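For the sequence shown, my numbering begins at 56 and goes up steadily by one. What follows is a set of notes on a single structure, which appears directly below.
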Amino acid sequence: MYFSPTATTKTIVETIGHRLVEKNGIEQGKIVDFTLPKQRETGVTFKSNDILLIGVPVYSGRVPNILLSYLNTIKGNNTLAIPIVLYGNREYEDALLELNDILIENGFNVIAGGAFIGEHSFSTILAKERPDNTDLSIAKHFADSVYKKIECDELDTLRIKGNRPYRAYTKPKVDEDKKEDTVKVEPKTDENCIDCKICAEVCPVGCIDFTDVTKITGTCIKCGACVKLCPTNSKYFDNPDYIKLKLTLEELYIERKEPELFV
Ligand SMILES: Cc1cc2nc3c(=O)[nH]c(=O)nc-3n(C[C@H](O)[C@H](O)[C@H](O)COP(=O)(O)O)c2cc1C
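Pasting the structure below:
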């Protein structure tokens with residue numbers, strides 16, 4: 056299962072999943088991509104002999120908060136689970152621990168976890184084109200060691216990095232002119248738009264108006280899907296705070312981070 060607006064989480068989860076199936080002989084189960092709102096309307100229940108492999112991106116050092124209610128509809132029955140988080144080369148902070156805790160709360164037995172790196176949602180140069188071949192090879196080794204652990208039945212408790220209470224959510228900025236109103240950070244559309252509707256189709260919160268794709272109807276989560284998947288590069292953010300943050304991140308976090316695995 057994965058939520059993956061710009062497909063880095065999908066790539067890692069698929070790589071681990073395929074390896075478990077192809078090399079280690081675990082039977083292929085159902086693939087649930089819960090990136091789009093429609094897919095988050097119904098929960099999923101697992102049996103005791105299933106294994107759940109689940110991935111989400113890190114947003115502000117946490118599990119994306121728009122996913123919390125859905126994640127609590129995924130139920131296990133002492134089911135083995137492997138949580139994965141993807142982060143944009145800054146930090147993953149408490150996200151993996153939070154996903155671990157949500158799973159345990161909902162009846163899963165977490166046997167391994169991993170924090171991998173993916174190209175940052177705000178940028179095309181921060182962790183550019185990651186996960187790359189090195190990441191994929193680490194993901195495959197991770198799958199092999201998880202399988203070994205299952206096979207040896209060494210399912211003792213895991214210590215996953217992170218702190219409780221989790222890092223506080225980043226508060227939206229207040230627009231000084233309008234007082235209480237928060238500053239809206241929304242994608243804009245330029246004149247190269249061909250109205251193909253891809254942006255509206257891929258938006259994980261369904262906030263791009265289908266009939267007029269220049270209109271934003273809900274709260275944008277800045278996941279980058281519309282910007283990165285637009286075939287004519289017509290979607291962009293021009294909010295000065297967003298641009299400043301993007302440039303700061305690109306400057307501060309150029310040093311390559313490596314995946315961290317807990318098995
Ligand atoms: C709102 C938001 C907050 C983010 N916060 C972090 C963060 O705290 N640390 C980090 O390293 N990357 C952060 N990222 C980057 C994503 O975690 C990263 O790009 C991830 O690979 C995206 O996954 P996806 O390709 O599956 O959408 C953030 C992205 C967004 C949209």
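Glycine included, C-beta positions come from ideal geometry on N, C-alpha and C. Please read all numbers here as calculations on a predicted model, not as lab measurements.
With DSSP as the reference, label Thr-244 as helix, strand or coil. strand
Distance cut-off 7 Å: Pro-60 Cβ against heavy atoms of ligand 1: yes
Count the other CB atoms within 10 Å of the CB of Gly-273; is the residue buried (16 or more) or exposed (fewer)? exposed
For a test of the three-state rule: what should DSSP assign to Glu-206, helix, strand or coil? helix
Of the listed residues Leu-123, Glu-153 and Leu-122, nearest to Arg-214 (C-alpha basis): Glu-153
Looking at C-alpha atoms only, which residue of Ile-67, Val-99, Glu-146 and Pro-119 is the closest neighbour of Cys-275? Pro-119
Spatial neighbours of Ile-205 within its chain, please: CB distance less than 6 Å, with the 5 preceding and 5 following residues excluded, ordered by chain position. none
Check whether the Cβ atoms of Phe-58 and Val-111 sit closer than 8 Å, and answer yes or no. yes
Taking the alpha-carbon positions, what's the Pro-92 to Thr-128 distance? 14 Å
Contacts around His-73, its chain only, beta-carbon distance under 7 Å, and the 5 residues preceding and following it disregarded: none
DSSP on Lys-65, reduced to helix/strand/coil? helix
Selection from Thr-179, Glu-184, Ile-180 and Asp-149 that minimises the alpha carbon distance to Gly-168: Asp-149
Could you please give the first and the last residue of the uninterrupted alpha helix (DSSP H) stretch that includes Thr-303? 295 to 307
Span of the beta strand (DSSP E) around Asn-120: Per DSSP, Asn-120 belongs to no beta strand (DSSP E) and is neither H nor E.
Where Glu-235 and Asp-293 are concerned, what is the direct C-alpha to C-alpha distance, given to the nearest angstrom? For Glu-235, the predicted model reports a pLDDT of 49, less than 50, meaning its position is unreliable; a value from the coordinates is still stated below. About 22 Å.
Does the Cβ of Ile-121 lie closer than 7 Å to at least one heavy atom of ligand 1? no
Does the beta-carbon distance from Cys-391 to Cys-278 come in below 8 Å? Lying before the first or after the last residue shown, residue 391 is absent from the chain, which here runs from 56 to 318.
Cutting at 8 Å between CB atoms, please list the residues of its own chain near Ile-298, excluding the five before and the five after it. Phe-292
Any contact of the stretch 158 to 166 with the stretch 131 to 150, i.e. 3+ C-beta pairs under 8 Å? yes
Which residues in the same chain as Tyr-308 place their Cβ atom closer than 7 Å to its Cβ, once the five residues preceding and following it in sequence are excluded? Asn-144, Arg-145 and Leu-181
Within its chain, find whatever has a CB closer than 8 Å to the CB of Lys-102; leave out the 5 residues flanking it on each side and keep chain order. Asn-132 and Thr-134
Just to confirm, does Pro-112 get its C-beta within under 7 Å of one of the non-hydrogen atoms of ligand 1? yes
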